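The block underneath contains the structure these notes are about, expressed in C-alpha cells.
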Amino acid sequence: MVFSLAYKMLESKEEAEEVSQDTFIKTYKNLSKFKGESKFSTWIYKIAYRTCLDSLKKRKNKYNTDTIDEVTINKIQTTEGILDTIERKERALIIEKCMKDLPEDERSILWMFYFDELSLKEIIEITDFSEANVKVKLHRARKRLLSIVKQKVEPELINHYGRK
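Note that UniProt numbering has the sequence shown beginning at 1, numbered continuously upward.
Laid out in C-alpha cells, this is it:
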C-alpha cells in the first residue's frame, strides 16, 4: 500500500522504494504517537503521503497546471461515448497515462478515492485538507482528467477510424 502510493505519486521505482523505507522508519520512530483514533493503515498512509510530498518538494517537479476550458455536458457525453468503445484494459492504461498529466495533489486524491477505494473521511485524515477542499479537488481532478483524456484519445480515434 505504501509503495503503491509512493510509486503513483513519484513515478519512479527507486524514489518510491526510498520513500517507502523512510515511511516505515518514521512510523517505527513515532509509534508511540499513534492514538488509535483512526485505522493504523490510515495513519501509515498519511505518513507515506506526507513523505511523498516532501520528496516532490525536493525535486521541484513542475506539472502542467494550465486552466481547463469549461467542460459542457455535450463534451462529457462525447468523451464518455468514446471511452465506452475502448476495451477495459486499454481504458485503464489510457487513464493511468492521462493521470500523470494531473497536478500531484489532484492525482493522489483521485488515486486514493478510485483505486485505493479510500473514503472521503480517510482522504481528509491523510491529506489534512478540509472536507470541502477534498471534494473540490476531486471534482476539479475529474474535470481535468476528462479534458486530458479528450485531448489525447479523441484525435487518435478519429485518425484510426477516419482512415477506414
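All C-beta atoms, glycine included, are put in the ideal place defined by N, C-alpha and C.
Just so you know, these numbers come straight off a predicted model, no measurement behind them.
Measuring CA to CA, which of Met112, Thr127, Leu138 is closest to residue 253?
Absent from the structure is residue 253, since the part of the chain shown begins at 1 and ends at 164.
Apart from the five residues just before and just after Thr27, which ones in its own chain have a Cβ nearer than 6 Å to its Cβ?
Ile44, Ile47
Excluding five sequence neighbours on each side, which residues of the same chain lie with their C-beta closer than 6 Å to the C-beta of Tyr7?
Ala16
For Lys35, count the other beta carbons within 10 Å of its own beta carbon; 16 or more makes it buried, fewer makes it exposed. Which is it?
exposed
Whole angstroms are fine: how far does the CA of Ala141 sit from the CA of Lys13?
24 Å
With C-beta atoms as the reference, is Val19 less than 7 Å away from Ser55?
yes
Under 7 Å, do Lys137 and Ile109 count as touching if we go by C-beta distance?
yes
Applying the 10 Å Cβ sphere with the 16-neighbour rule, what's the burial state of Leu31?
exposed
Through-space distance from Thr23 to Glu96, alpha-carbon basis
24 Å
Report, in whole angstroms, the separation of the C-beta atoms of Glu125 and Ser38, which I expect to be a contact under 8 Å.
5 Å
Of the residues Asp105, Asp101, Met112, the one placed nearest Met1, counting alpha carbons only:
Met112
Report the residue from Arg59, Ile94, Phe129, Cys52 whose alpha carbon sits nearest the alpha carbon of Leu146.
Ile94
Determine the contact status of Ile148 and Asp101, defining contact as a CB-CB distance below 7 Å.
yes
Helix, strand or coil: how does DSSP classify Phe40 here?
helix
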